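In the numbering used here, the protein residues as written are 1 to 246.
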């Protein structure tokens with residue numbers, strides 16, 4: 001048996017992948033982040049449930065090891081997609097040291113769900129062909145002011161995770177290299193019942209978050225592609241252009 005790190009998606013149980021569902025319904029042990037996922041995902045599961053909110057790394061791995069050594073399947077749920085800010089790497093490294101097999105099962109990221117909810121594409125011909133996923137520098141790490149400004153100059157669609165409480169400094173940082181009327185969007189608790197979307201310009205970023213008392217659990221989108229939320233941009237991909245016979 002092995003440990004499966006499973007992307008739980010953004011919150012909507014219907015966005016769970018088929019593979020993830022099959023593993024969850026077969027697992028004898030399910031470790032989940034209670035404050036980050038929709039508890040509806042756990043309904044009907046037969047395995048023993050462990051909320052990782054109050055567990056240390058050592059305690060989490062001890063539970064995994066105990067079940068695997070007894071021939072039991074372990075599912076470690078993480079919000080969104082495991083490849084983005086899931087903090088699973090430290091768990092993986094301990095499992096490797098103990099020769100415990102593992103597998104990562106991808107999930108739908110909150111930024112993908114937010115884009116779908118807004119009804120737009122983040123990569124639009126002649127406007128943005130780059131998506132930048134990052135976080136602003138805070139107490140627990142992130143990209144520095146200089147790094148963020150370098151990324152912003154690429155003129156891609158920027159998506160900031162874990163940065164809502166740093167919006168004032170983020171706005172100032174971006175405002176030094178981007179026009180103040182650059183479109184922004186705030187996606188709060190995507191795919192949860194409290195879900196909310198706010199739209200404005202870079203100059204409004206901090207005030208929008210403050211007005212709605214949003215300090216966490218929100219994504220910040222920045223870039224010209226966001227204009228597509230409210231207007232047709234009339235940009236065509238060459239993929240669907242007329243074919244010429246030469």
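Cβ coordinates follow ideal geometry from the N, Cα and C atoms, glycine included. Only a predicted model underlies this, so the values are computations on that prediction, with no experimental measurement involved.
Its Cα nearest to that of residue 113, the residue 195 stands out among 195, 202, 21, 228. The three-state secondary structure of residue 99, taken from DSSP, is coil. Beta-bridge annotation (DSSP): residue 158 is paired with 132, 222. When the beta-carbon positions are compared, residue 214 and residue 186 come within less than 9 angstroms of each other. Runs of the beta strand (DSSP E) spanning 3 or more residues and lying entirely within the region 50 to 132 occur at 74 to 78, 102 to 105, in chain order.
Between residue 9 and residue 191, the gap from beta carbon to beta carbon is short of 9 angstroms. A straight-line Cα-Cα distance of about 37 angstroms links residue 74 and residue 157.
Between the alpha carbons of residue 209 and residue 167 lies a gap of roughly 8 angstroms.
Within 10 angstroms of the beta-carbon of residue 38 lie 16 or more other beta-carbons, which makes it buried.
When the alpha-carbon of residue 211 is set against those of 223, 165, 131, the nearest one is in 165. Distance check between residue 151 and each of 170, 198, 98, 51 places 170 closest, using alpha-carbon atoms only. In the DSSP assignment, residue 198 falls within the unbroken beta strand (DSSP E) covering 196 to 201. As a beta-bridge residue in DSSP terms, residue 143 pairs with 136. Rounded to the nearest angstrom, the gap between the Cα atoms of residue 228 and residue 193 is 25 angstroms. Between the region 121 to 129 and the region 92 to 100 there are fewer than three C-beta pairs closer than 8 angstroms, too few to call the two in contact.
Taking residue 85 as reference, the option from 217, 230, 223, 224 with the minimal CA-CA separation is 217.
Only buried fits residue 188, as 16 or more other CB atoms lie within 10 angstroms of its CB. Distance from the CA of residue 30 to the CA of residue 23, rounded to the nearest whole angstrom, comes to 10 angstroms. Assignment of residue 3 by DSSP, reduced to helix, strand and coil, places it in the strand class.
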